[in-house]
Amino acid sequence: MAPLSPSANAKEAVVVNSIDELREAIKETSPGSVIELADGVYDLQRDLELKRQIGTSAAPITIRAQHLLKAEFSGNHIVKLRDSEYLVLEGFRFTLKADVHGKGGALSVRNCHHCRITRNDFELAEQDTGDKNQTWLTLDGLKSGHNLIDRNRFSNKKKPGHFIFVTGEDEYVSQQDIIERNHFANRAYGNDSNGFETIRVGESRIGNAGGKSSTTIRDNLFEKCQGEDEMISFKVGGGSFTGNTILNCHGSVVFRNGNDGVFANNMILNTYAKRPFEAYRSGGIRFYGSGHRVFNNYFEGLDGTSMKAPLALMHGAPAGSGSLGVADGLPAVDCQVVHNTWVRCAQLRIGMSSKKRPLKPQDCIFSNNLVSETNDDRLLELYEAEGVQFRGNILHATNGKETGVEGMTDKQAFQIADPKLNRTGKVMRLAPGSPAIDNAWSAFLYVHEDMNGQPRDDKPDVGADEYSPGSSVERNPLTPDEVGPHTVE
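Numbering of the sequence shown is given in our numbering, commencing with residue 3 and proceeding in unit increments.
Written as structure tokens, this is what we have:
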């Protein structure tokens, strides 16, 4: 197996041929140690615990398959990382029987920091345990943080629980972990039950109290992840979801609790001509709380409605009201939705209340967005949206559909025009002569590039794409070849 950026201080690899030999070898590690497990299927008769493995940033300890994905962990037990730092776990297949002993899924990482889980393949033999949680990879503990989960594949999950759960202990959530370049595929629908998120970050009670994890989820591919309405759930603040591709997935990315989230440079597409199951609805982003920034995202073909709409900017419940318990969200406040593009999606929902969520959005901005065509009755549904400022947006309704802003008299809020989009690569981009070119209402300083990574000029364009004639930069949705175990740095 080609190692990932081997440390200059790495020692000569020690090859072991059994789990017993591996257990003995990890007793003798020191910074720079490399242990390779020979090819084969290894039935874990008891938990494999990697405890107090202490490497350094310059000389991490590496435990890996001798050849990529040729060493497989099977059986009724799990792999545990405990109280370790600068430890790399690389290149294994996990086909364990999840939750046989009530321990969860395949890999438990507790009280670890600066550890790396990379280039592994998770496809567990989940057991029929009713409603019991079978989460495959968990980060938790009071000392957890700064861990990296990258270039793995997680596929074919059917039971309750998550592919990944970032949590902690007491009032603490693991801090500043990164989840990147992974492939998440085929997460079965949970029949309208909770607890089927693909990734869950944090606990609602911590997020509602202002707690943060600053977890980053970036450059991943999500395909056919159908678990529940909250496909990805941030339940604490500071989350960042950037550069990801979501293809044919049910539900939305949801900033449910906590503040100061970033949702940027994502591509979310639904290409199904016919829904794969009756309840299927492909959503975009839904958010509660304050300080969120949503920009440079591309949405196409999404058919989600209500809280699974392509955009759901939410009303909320009073702080401490207990109206829905700790799991409820606060209203959107000081949130900005700017420079995004929606093409042939269901209507966007700006403001959505209920008896239990009566508080309106406040001090929010919806600006420089491009919404073209719809598979619904209208482009936008505005409800008690007085606390949202609209500026510099372009709307294009076709086939007799409504824009949803027919009665609005503020001419700076929306321009009704054909944006002249042209499909290049896999997405629609601005064509010459588009009214979106150089027509943004104002420059938002944090939006200094477009969805392709091209610089925004002094007169930025409306939408996610900055028209740049002659540029060879053209970002498209991620493919399986660009993520997962077979990619390298």
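C-beta: ideal position from N, C-alpha, C; glycine also. Just so it is clear, the structure is predicted and the values come from calculations on it, not from any experiment.
Residue from Arg112, Asn78, Ser76, Leu98 whose Cα sits closest to the Cα of Asp85: Arg112
Can you check which of these residues, Val203, Arg207, Asn370, Gly212, is closest to Phe416 by C-alpha distance? Asn370
Within 8 Å, strictly: CB atoms of Val340 and Phe392: no
Nearest to Pro363 by alpha carbon, out of Gly192, Trp443, Gly353? Gly353
Where Asp365 falls, given that 16 or more other Cβ within 10 Å makes a residue buried: exposed
Note the first and the last residue of the continuous alpha helix (DSSP H) segment covering Ile208. 206 to 210
Would you kindly check if the distance between the Cβ of Gly93 and the Cβ of Leu71 is under 8 Å? yes
DSSP state of Arg25, grouped into three classes? helix
Counting along the chain, where does the beta strand (DSSP E) carrying Met453 start and finish? Careful: Met453 lies outside any beta strand (DSSP E) and carries neither H nor E.
Please work out which residues of its chain come closer than 8 Å, Cβ to Cβ, to Phe446, disregarding the five sequence neighbours upstream and downstream, and give them in chain order. Phe297, Gln338, Val340, His341, Ser369, Asn370
Could you check the C-alpha separation between Leu50 and Ser474 for me, to the nearest Å? 49 Å
For Thr169, collect the residues of the same chain with a Cβ closer than 6 Å to its Cβ; drop the 5 residues on either side in sequence, then sort them by chain order. Asp142
CB of Phe270 within 8 Å of CB of Ile219, strictly: In the sequence as presented, Phe is not what sits at residue 270; that position holds Ile. No, they are not a contact pair.
Please identify the residue among His69, Ser195, Pro162 whose C-alpha is closest to the C-alpha of Thr131. Pro162
Residue span of the beta strand (DSSP E) that contains Gln68, given as start and end: Neither: Gln68 is in no beta strand (DSSP E) and is coded neither H nor E.
Gly1 burial status per 10 Å Cβ neighbour count (16 or more: buried): No information on residue 1 is available, as it lies outside the stretch 3 to 491 that the chain covers here.
Ignore the nearest five residues each way along the sequence and tell me which others in Asn261's own chain have a CB closer than 6 Å to its CB. Gly239, Gly291, Ser292, Gly293
Using the rule of at least 16 other Cβ atoms within 10 Å of the residue's Cβ for burial, across every protein chain shown, is His103 buried or exposed? Summary for His103: the model assigns pLDDT 47, below 50, so the residue's position carries little reliability; its value from the coordinates is reported in the next sentence. Result: exposed.
Would you mind listing the beta strand (DSSP E) stretches within the segment 401 to 437 that are 3+ residues and don't spill past its ends, in chain order? 416 to 418, 423 to 426, 429 to 432
Is the CB-CB distance between Asp221 and Arg183 below 8 Å? yes
Among Ala348, Val335, Pro333, whose alpha-carbon lies nearest the alpha-carbon of Leu313? Ala348
With DSSP as the reference, label Met233 as helix, strand or coil. strand
CA-CA distance, Thr64 and Arg118? 9 Å
Express the C-alpha separation of Thr200 and Ala73 in angstroms, rounding to a whole number. 26 Å
Give the DSSP bridge partners of Asn395, in chain order. Phe416
Among the residues of its own chain, which have a CB less than 6 Å from the CB of Glu87, if the five just before and after it don't count? Ile56, His115, His116
For Met453, tell me which candidate among Thr481, Asn441, Pro482, Asn268 has the shortest Cα-Cα distance. Asn268
Identify the continuous beta strand (DSSP E) that holds Val203 and give its terminal residues. 201 to 203
Measuring alpha carbon to alpha carbon, tell me which of Glu38, Val81, Ser32 ends up nearest Ser59. Ser32
I'd like the ranges of any alpha helix (DSSP H) spanning at least 4 consecutive residues and lying wholly in the segment 137 to 222. 206 to 210
Can you give me the Cβ contacts of Thr343 inside the same chain, cut-off strictly under 6 Å, excluding the 5 residues immediately before and after it? Tyr300, Leu372, Gly465, Ala466
Using DSSP with H/G/I as helix, E/B as strand and the rest coil, what is Ser242? strand
Out of Asp460, Leu52, Gln68, point me to the one whose CA is closest to Val81's CA. Leu52
In or out: Tyr44 buried (at least 16 other Cβ within 10 Å) or exposed? buried
Just curious, the beta strand (DSSP E) that Lys53 is in, first and last residue? 50 to 53
Candidates Pro320, Glu404, Phe186, of which the one nearest Asp483 by Cα: Phe186
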